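According to this note's numbering, the residues represented by the sequence shown are 4 to 120, in order. Every residue gets a Cβ at the ideal spot worked out from N, C-alpha and C, and that includes glycine. All figures in this text were calculated on a predicted structure; none of them were measured in a lab. See structure below.
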Amino acid sequence: MESKADPLGTGRDAALPARARQLLVDVSTWRLPQAAWSRPAAAVEALAAAYAAGDAVALRIAVAKLEVLSPNRVERIADPADVPPPEPLAERVAALVHIIPVPEEDGAGEAGGGDRR
Numbered sequence: 004m005e006s007k008a009d010p011l012g013t014g015r016d017a018a019l020p021a022r023a024r025q026l027l028v029d030v031s032t033w034r035l036p037q038a039a040w041s042r043p044a045a046a047v048e049a050l051a052a053a054y055a056a057g058d059a060v061a062l063r064i065a066v067a068k069l070e071v072l073s074p075n076r077v078e079r080i081a082d083p084a085d086v087p088p089p090e091p092l093a094e095r096v097a098a099l100v101h102i103i104p105v106p107e108e109d110g111a112g113e114a115g116g117g118d119r120r
């Protein structure tokens, strides 16, 4: 029972890995109350599992859940008690950022640009 029609990173989900990667980069800059980090941590784990399984539908859901948890969605009053991601989450995020490939936009534009006249 497969939940995706195209391989991850192709078709309508072509930009999904890049969006997931950028969101993970953003997570590393978030500052939240210590007690609030459990939900983003669970969303990051769901994102990691979906990416590892190559499941575009699950990855899309995990990205959406993580986006909803972003403190950047609404302007909050900064609280001095807010903290960066806990060390285990920060390490997991850093590992995922290095696993998910960077989109190759520059090379594709240059290769196609020289042939058009």
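Next item on the list: Whole angstroms is fine: what's the gap from residue 107's alpha carbon to residue 97's?
Entry: About 20 Å.
Next item on the list: Find the nearest neighbour of residue 89 within the set 83, 40 and 18, judged by alpha-carbon distance.
Entry: 40
Next item on the list: Hey, could you find the ends of the alpha helix (DSSP H) residue 19 is sitting in?
Entry: 19 to 30
Notebook entry, point to check: Does the separation of the CB atoms of residue 65 and residue 55 fall below 8 Å?
Noted result: no
Item checked: Distance CB(residue 105)-CB(residue 28) smaller than 8 Å -> no
Next item on the list: Would you list the residues sitting across from residue 47 in a DSSP beta bridge?
Entry: Residue 47 has no beta-bridge partner at all, per DSSP.
Check: Can you round the beta-carbon distance between residue 53 and residue 61 to whole angstroms, since I take them to be within the 8 Å contact cut?
Finding: 4 Å
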